[in-house]
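Numbering (the numbering used here), first residue to last: 1 to 344. For every residue, glycine included, the Cβ atom is placed at its ideal position computed from N, Cα and C. None of these values were measured; they are calculated from a predicted model.
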Amino acid sequence: MRYKLLGRSGLRVSELALGTMTFGEDWGWGASKEESRKIFEAFEAAGGNFIDTANKYTNGSSEKLVGEFIAPDRERYVVATKYSLSTKPGDPNAGGNHRKNMIQAVEASLKRLSTDYIDLYWLHAWDYTTPIEEIMRGLDSLVRTGKVLYIGVSNTPAWIVSQANTLAELRGWTPFIATQLLYNLLERSSERELLPMARALDLGVAVWSPLGGGLLSGKYTNLGQSGNNESSRNDNPQFTPKQLAVAQEVQRIAVELGRSSAQVALSWVRQQHSQIIPIIGARKLSQFEDNLKCLEFELSAGQVADLNKVSSIELGFPHDFLNGEMNRNLAFGGMFDQIENHHH
């Protein structure tokens, strides 16, 4: 395992993060405590130190298990948890980004994790309600009291994150050092605004669902190739022909390399930008060990190009317009290719 600086900070995190939404069986599909411990130990043995949880995961069991597993060597781990999602249905203030929920959530997480501080505290999801000043000032106070060391923002529009960090910089408050977002070969829309923003602001990028809900793990890849093609498609109506074509291309490259589909899909995500850290989680140790092997190889430029092509999206307005030949000729006087050091 190699390590990266997380965004514009000196914090050193492993190049893969351990996702712990599967820790605990409260939701009916997670890993038992014993299996969760084995997954945690496999991550630790590989050199992993970046652990991702949330107050909402498995009704708090995820944080409790993480707290138990890190206890013998707490300082070694970079523990990230989140607030925002409601923990008490029927209570209007038990969820949201506002300061009341922030404070009650952080105190409850510290108790469940059995720790004095949280290394990285994520805003879990934007609520379109709370003023950004209230959030940034509230998170800054948590950093000043030492309960939180760094802050990050997850599942939030790019313009809001940009506004938040600009405000923090102007007012001397703690800025976000990372963003967390959905990104995989089936869902590339973060390339429109969120990933360019992360590069521009030098934010670390933690990626959830890098395997596209399992489709990219090879679980359903033979759809469209087997004899019972139609019945397979009818059994899995959530997958579009394009998604199946992407999964089949992943499988083709996996066979070529003697790797699993999951390893190929994870490698593609990792190779998109140096700041990207996939969050890998599993219900079984065997799945997790397979995922870790994505660190053993790199996809060739040709393989990346093939995957990019089959999964490509339109960037939409204004990007397609601005990058078009006509606009470039007008903006650069026909000299775009002769001008060095254009940032993109």
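Counting only the same chain and skipping the five closest in sequence on each side, list residues whose C-beta sits under 6 Å from that of residue i.
i           : result
residue 377 : Because the chain is modelled from 1 through 344, residue 377 falls outside the range shown and cannot be assessed.
residue 38  : 285
residue 64  : 112
residue 234 : Because residue 234 carries a pLDDT of 43, less than 50, the predicted location of this residue cannot be relied on, and the following value inherits that uncertainty. Nothing meets the Cβ criterion.
residue 53  : 20, 62, 63, 66 and 81
residue 331 : none
residue 94  : 86, 87 and 88
residue 125 : 84 and 155
residue 224 : Because residue 224 sits at a pLDDT of 40, beneath the cut-off of 50, its placement in the model cannot be relied upon, and the point is left open.
residue 228 : Interpretation of residue 228 is limited by its pLDDT of 34, a score under 50 that renders its predicted location unreliable; the figure taken from the coordinates is listed afterwards. Answer for residue 228: no residue qualifies.
residue 36  : 23 and 65
residue 34  : none
residue 273 : none
With a CB to CB cut of under 8 Å and the five nearest residues on each side skipped, what residues in its chain are close to residue i?
i           : result
residue 271 : 298, 299 and 304
residue 168 : 136, 140, 174, 175 and 176
residue 230 : At residue 230, the pLDDT of 37 sits below 50, so the modelled position is not reliable; the number obtained from the coordinates is stated separately. Nothing listed; no residue qualifies.
residue 31  : 22, 23, 24, 25, 39, 282, 283 and 284
residue 289 : 42
residue 190 : 181, 182 and 183
residue 339 : 332
residue 27  : 58 and 59
Name the DSSP bridge partner or partners of residue i?
i           : result
residue 12  : 5
residue 153 : 123 and 179
residue 81  : 121
residue 19  : 52
residue 148 : 118
residue 31  : 23
Looking at residue i: is its Cβ nearer than 8 Å to the Cβ of residue j?
i           : j           : result
residue 147 : residue 106 : yes
residue 114 : residue 158 : no
residue 205 : residue 215 : no
residue 155 : residue 127 : no
residue 21  : residue 62  : yes
residue 1   : residue 295 : yes
residue 59  : residue 108 : no
residue 185 : residue 209 : no
residue 255 : residue 307 : no
residue 279 : residue 264 : no
residue 275 : residue 198 : yes
residue 79  : residue 13  : no
residue 292 : residue 46  : yes
Taking 7 Å as the limit between beta carbons, can you name the residues of its chain near residue i, skipping five residues before and five after?
i           : result
residue 176 : 151, 152, 153, 161, 164, 165 and 203
residue 316 : 192
residue 328 : 336
residue 321 : 327
residue 132 : 160, 163, 164 and 167
residue 130 : 96, 97 and 98
residue 346 : In the structure as shown, the chain starts at 1 and stops at 344, and residue 346 therefore has no counterpart that could be examined.
residue 319 : 192
residue 9   : 150 and 177
residue 76  : 49
Kindly say whether residue i, judged by its beta-carbon, lies nearer than 8 Å to any beta-carbon of chain D.
i           : result
residue 186 : Of the protein chains in the structure, only one exists, and it is not chain D.
So residue i and residue j are supposed to be a Cβ contact under 8 Å. How far apart are they, rounded?
i           : j           : result
residue 15  : residue 313 : No, residue 15 and residue 313 are not in contact; Cβ-Cβ is about 26 Å, not under 8 Å.
residue 311 : residue 246 : 5 Å
residue 350 : residue 218 : Given that the chain is displayed from residue 1 to residue 344, the structure contains no residue 350 and the question cannot be resolved.
residue 110 : residue 84  : Residue 110 to residue 84, Cβ: 17 Å. No contact.
residue 18  : residue 48  : 6 Å
residue 74  : residue 138 : So it is not a contact: roughly 25 Å between Cβ atoms.
residue 116 : residue 149 : Their Cβ separation, rounded to whole angstroms, is 11 Å, which puts residue 116 and residue 149 out of contact at 8 Å.
Measuring only from the beta carbon, is residue i closer than 7 Å to any heavy atom that is part of the ligand ATP?
i           : result
residue 270 : With respect to the ligand ATP, the structure offers nothing, as it holds no ligand at all.
message: Which runs of the alpha helix (DSSP H) at least 4 residues long sit entirely within the region 251 to 319? Give them in chain order.
response: The DSSP assignment places complete alpha helix (DSSP H) segments of no fewer than 4 residues inside the region 251 to 319 at 261 to 272, 285 to 292 and 301 to 310, in order along the chain.
query: Which whole runs of the alpha helix (DSSP H) in the region 47 to 102 are 4 residues long or more, in chain order?
result: 61 to 70
message: Quick check for students: name the residue ranges of the beta strand (DSSP E) that lie wholly in the region 166 to 217, counting only runs of 3 or more.
response: 176 to 182 and 204 to 208
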